[in-house]
Amino acid sequence: MTHTTFSLSIPAMKTRLTMLAGVIALGLSLQTMAFAETTNDAVYQGLGQKEGIARFVQDFVEIITTDHRISAAFAETDKERLGFMLTEQFCELSGGPCKYSGKDMSTAHQQMHITNAQFNALAEDLQIAMDKHGVASSVQNKLIAKLAPMQRAVVTK
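Our numbering applies: residue 169 is where the sequence shown begins, and numbers increase by one.
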């Protein structure tokens, strides 16, 4: 049986240790990126992904079009298209893979003369729809927080 002695010079050992440290750092970076990707879509996951969003949006559209406080704003609205656009928008805002293809909020709402009270009624109706589908209140709050900045663009009266 032959034994081979393996020896490295100190500079060669430093080079190997540096390479090993680089590989470890790269592995940790990839783990961190993977974790960030999974946490960036935590709201999306909590909403039930696109299918879950589509389900509660369907009820949401029904609620807002029958809510006496805001239903007049939706009298001429294509409910199916509204549901599709809201699903896209909520999916994107929550960290999902969707891309919202609708108008910006100012353009979409400029002729509607929406008040703060109407905006708040819509937010309440959204929470009712999410409650009905068992969306955790913490997830609801995160989605509402992502929608809240739109108030400036939507409220014109």
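Idealized CB from N, CA, C, for every residue including glycine.
{"Query": "Once the 5 residues before and after Leu-261 are set aside, which same chain residues still bring their CB inside 6 angstroms of it?", "Result": "Lys-314"}
{"Query": "Take Gln-295 and list the residues in its own chain whose beta-carbon comes closer than 8 angstroms to its own, dropping the five residues that flank it on each side.", "Result": "Gln-308, Ile-312"}
{"Query": "On a CA-only basis, which of Gln-226, His-301, Ala-285, Thr-283 is nearest Leu-254? Give me that one, please.", "Result": "Gln-226"}
{"Query": "Return the chain-ordered list of same chain residues with a C-beta closer than 6 angstroms to the C-beta of Gln-286, the five sequence neighbours on each side being excluded.", "Result": "Ile-238"}
{"Query": "Buried or exposed for Asp-246, please, with buried defined as at least 16 other CB atoms from any protein chain shown within 10 angstroms of its CB.", "Result": "exposed"}
{"Query": "What's the C-alpha gap between Ile-232 and Leu-215?", "Result": "19 angstroms"}
{"Query": "Which residues in the same chain have their Cβ closer than 8 angstroms to the Cβ of Asp-293, if we skip the five residues on either side of it in sequence?", "Result": "Phe-228, Ile-231, Ile-232, Asp-235, Ile-238"}
{"Query": "With Gly-270 and Val-211 assumed to form a contact (beta carbons below 8 angstroms), what rounded beta-carbon distance in angstroms separates them?", "Result": "With a Cβ gap of about 20 angstroms, Gly-270 and Val-211 do not count as contacting."}
{"Query": "Helix, strand or coil for Ile-231, going by three-state DSSP, please let me know.", "Result": "helix"}
{"Query": "Alpha carbon to alpha carbon, what distance is there between Gln-257 and His-301?", "Result": "18 angstroms"}
{"Query": "For the alpha helix (DSSP H) that Lys-314 lies in, which residues bound it at each end?", "Result": "305-315"}
{"Query": "Going by DSSP in three states, Leu-196 sits in which element: helix, strand or coil?", "Result": "Annotation note: pLDDT 49 at Leu-196 (below 50); position unreliable, no value reported."}
{"Query": "I need the straight-line Cα distance from His-348 to Thr-283, nearest angstrom please.", "Result": "This structure leaves residue 348 out entirely; the chain is present only between 169 and 325."}
{"Query": "Can you grab the Cα-Cα spacing for the pair Gln-279 / Val-322, in whole Å?", "Result": "10 angstroms"}
{"Query": "Looking at the strands, I want to know which residues DSSP matches up with Val-117.", "Result": "Lying outside 169 to 325, the shown extent of the chain, residue 117 is not represented and no answer is given."}
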